[in-house]
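Numbering (our numbering), first residue to last: 657 to 745. Glycine residues also receive a C-beta, built at the ideal position from the N, C-alpha and C atoms. Fair warning: this is a prediction, and the values are worked out from it, not measured in the lab. One structure is given here, and the rest of the page talks about it.
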């Protein structure tokens, strides 16, 4: 499952036809990569639910290093993850 708060991106990824617009071309590339998964869905969520992703994106823009986390989440988002768990139904 891929979640995004960008309705435009989700609509482009869920189209059943090819689109030659700029976002359509990117969506086609994403869908080509997605075809290697046996099951994958693209879902729109509220930007209020996407705080962890936004925090990581802001961090990535300000970082000059390539960072990879395998088993443990980075400390910069641990509090946000805990808040998400506590507020989940």
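Next on the checklist: With a threshold of 6 angstroms on Cβ separation, who are the neighbours of residue 700 within its own chain once the five nearest residues in sequence on each side are excluded?
Outcome noted: 663, 666
Checklist entry - Contact between the region 705-713 and the region 727-743: three or more CB pairs below 8 angstroms? => result yes
Next on the checklist: Tell me the DSSP secondary structure of residue 658 in three-state form.
Outcome noted: strand
Checklist entry - In whole angstroms, what is the alpha-carbon distance linking residue 746 and residue 677? => result Nothing about residue 746 can be reported from this structure: the residues present for the chain run from 657 to 745 only.
Item to check | Range of the contiguous alpha helix (DSSP H) that encloses residue 698 | outcome: Segment 698-700 is the beta strand (DSSP E) holding residue 698; no alpha helix (DSSP H) there.
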